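In terms of full-length UniProt numbering, the sequence shown opens at residue 1 and continues consecutively.
All residues carry an ideal CB built from backbone N, CA and C; glycine is no exception.
Owing to the predicted nature of the structure, the values given are computational and were not obtained by experimental measurement.
Presented below is the structure to which this report refers.
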Amino acid sequence: MSSEHIVTLAELPTWDADGPNVLASHPILPQIYPLKKANNEINKKISVWFKGDSCKLQCDAIVNAANSKLKAGSGICGMIFKAAGNELVDACKKAGYTETGHAALTPAFKLPSKYIIHAVGPKGEQPSELRSTYLSTLNYMDNDKIKSIAFCAISTGKYGYPVEKATHIALMSVREWLEVPENLQKTERIVFVVFNDKDVEVYSQLMHAYFPLEGVKYPPRPRKNKPTSATKPQPTEQKGAADVQNPEVNKVEHEVTKENHENKEPTK
């Protein structure tokens, strides 16, 4: 792909079609099993762009892993600011300080997307704040100017959130949001842009936990009264797919997160 090539949503296969290909190249591990039922209508709204580049994607909005001051940073944040041009700096100054767990919207300027959603994720492991960041971003999906959003891996990398745990929260947040009929109806596409090798391995496995494919025979979910080694927390430093945790490990963490947000509406 040349540096000038723009990728459209039509070029990205949806998960219902591409999932079997991912499964063939990254066989599911025995400790991974679905936490949700297969839903083809939801899977048709999801794409995973492995080794992708948000700065080359033509969609309504891409997500920037932003800091609260909305200033250019390193990683994907620096790449977006460089590609969008100096006008983005002025727009971010106008948008102003954005709290952790919230998100701000600016035009995308020189990027092929229409908008940039600057999502301010937490530093380190803060499940409720990370979930709030994803939901605040999804709140911009309005069935009008924004019907498609491309997510990066918020709070991983420099912000220190372990990739696997952050991915659990990202996928669960999006899946639960899409389970609301109104949200599903107003969504054209949600893209997970996955770049580095570790992210590829983790997303290749955990997509099956939250977006299982129809017709695939997955490993059975262990009975709660018979814990196995697969249900025990693994070290947070993973080196490859074989270290990806069983989704059950993170379920308690998610329930705590859900409780924290029952009386807290994510803001834009």
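Closest Cα partner of residue i within the set the options
i, options, result
"K93", "P20, A66 and W15", "A66"
"D53", "Y159, K224, P112 and A38", "P112"
"V194", "H5, I6 and L12", "L12"
"R221", "K37, A61, S128 and N21", "K37"
"C55", "C77, A104, P212 and P162", "C77"
"V244", "A10, A17, H26 and R189", "H26"
"K217", "V89, N21, Y33 and W15", "Y33"
"E188", "S68, D142 and M172", "D142"
"C152", "N196, V180, Y140 and E182", "N196"
"L29", "L138, L171 and L206", "L206"
"Y210", "M172, V48, P20 and I80", "M172"
"I169", "L35, Q31 and D18", "L35"
"G160", "L57, G75 and A17", "G75"
"E164", "W49, R223 and K198", "K198"
"V48", "K224, N86, S68 and H208", "H208"
"P20", "P219, K224, S204 and R223", "S204"
"T100", "G73, K44, G85 and S68", "S68"
Residue i, buried or exposed, once every other Cβ within 10 Å from all chains shown has been counted against 16
i, result
"G240", "The pLDDT assigned to G240 is 48, lower than 50, so where the model puts this residue is not dependable, and the model offers no usable value."
"Y185", "A quick correction: the sequence has Gln, not Tyr, at residue 185. Result: exposed."
"I6", "exposed"
"A10", "exposed"
"G215", "exposed"
"residue 308", "No answer is possible for residue 308: it lies beyond the span of the chain, which begins at 1 and ends at 268."
"G157", "buried"
"P127", "buried"
"V22", "buried"
"T257", "Confidence at T257 is low in this model, with a pLDDT of 42, below 50, so its placement is unreliable and the value that follows should be read with caution. Counting Cβ neighbours within 10 Å, T257 comes out buried, since at least 16 surround it."
"T133", "buried"
"R131", "buried"
"R175", "buried"
"S136", "buried"
"E182", "exposed"
"T228", "Annotation note: pLDDT 46 at T228 (below 50); position unreliable, coordinate value reported separately. Exposed is the call here."
"D144", "exposed"
"A24", "exposed"
Within 9 Å, strictly: CB atoms of residue i and residue j
i, j, result
"V191", "S148", "yes"
"H102", "L70", "no"
"T106", "A83", "no"
"V63", "T98", "no"
"I42", "L178", "yes"
"K114", "D60", "yes"
"G96", "A104", "yes"
"T14", "I46", "yes"
"V202", "K51", "no"
"P162", "E125", "yes"
"A150", "L57", "yes"
"N40", "D16", "yes"
Enumerated in chain order, which unbroken segments of the beta strand (DSSP E) with a length of 3 residues or greater are wholly contained in the region 11 to 74? As for any beta strand (DSSP E) of minimum length 3 sitting wholly inside the region 11 to 74, the runs are 46 to 50 and 61 to 66, ordered along the chain.
What ranges does the alpha helix (DSSP H) occupy inside the region 94 to 148, keeping only unbroken runs of at least 4 residues that lie completely in it? Counting only runs of 4+ residues, the alpha helix (DSSP H) found wholly inside the region 94 to 148 occupies 127 to 138, in chain order.
Output the residue ranges of the alpha helix (DSSP H) runs that lie fully inside the region 150 to 221 and measure 4 residues or longer, sorted by chain position. Correct list: 163 to 178, 181 to 185 and 197 to 210.
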